[in-house]
């Protein structure tokens, strides 16, 4: 990968660089509730059934669409239309908005665990969607850890 590739415009990143931009916080794998009237999106601690709640990694990333067909694939081409539901700390969102990555991001810190130590990730904070009825998601709305 190129030196400091994360500072380039997103459309200039190759697939490997794009994937490396993910900070591993797990927030994008949280189920969200969108208000139909206002478009406001609320995060819940109800995680996709494929999210490992301890590591914040997808347990079936390469084949996730086989299990979760509605899983959204982020791409540089789609980022503008999907950014509204991405967490404020998300590296993809930050870079799409022209802002720098946080100091705890692994590309800056050199440490993939820094996101967890900074308290930004969802490690240990989720409940699997298989344990919560869809009608009860509102009981699990959270403020985004920043």
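Numbering (the working numbering), first residue to last: 1 to 146. Note that beta-carbon positions come from the ideal geometry of N, C-alpha and C, so glycine has one too. Model, not experiment: these values are computed from the prediction.
If you compare the alpha carbons of 97, 122, 117 with that of residue 52, the shortest gap goes to 122. In the structure shown, residue 96 adopts helical secondary structure according to DSSP, grouped into three states. Between the stretch 128-139 and the stretch 58-67 there are fewer than three inter-stretch CB-CB distances shorter than 8 Å, so the stretches are not counted as touching. Sequence-distant partners of residue 71 (beyond 5 residues in either direction) whose C-beta falls short of 7 Å from its own C-beta, in its chain, are 64, 65.
If you draw a straight line from the Cα of residue 19 to the Cα of residue 104, it is about 17 Å long. 24 is the residue among 33, 24, 93, 79 whose C-alpha sits nearest the C-alpha of residue 112. Proximity to residue 46 across 9, 98, 129 peaks at 129, based on C-alpha coordinates.
By the criterion of a C-beta distance shorter than 8 Å, residue 137 is surrounded in its chain by 31, 33, 44, 46, once the five residues flanking it on both sides are discounted. Less than 8 Å separates the beta-carbon of residue 1 from that of residue 17.
C-alpha of residue 5 to C-alpha of residue 50: approximately 29 Å in a straight line.
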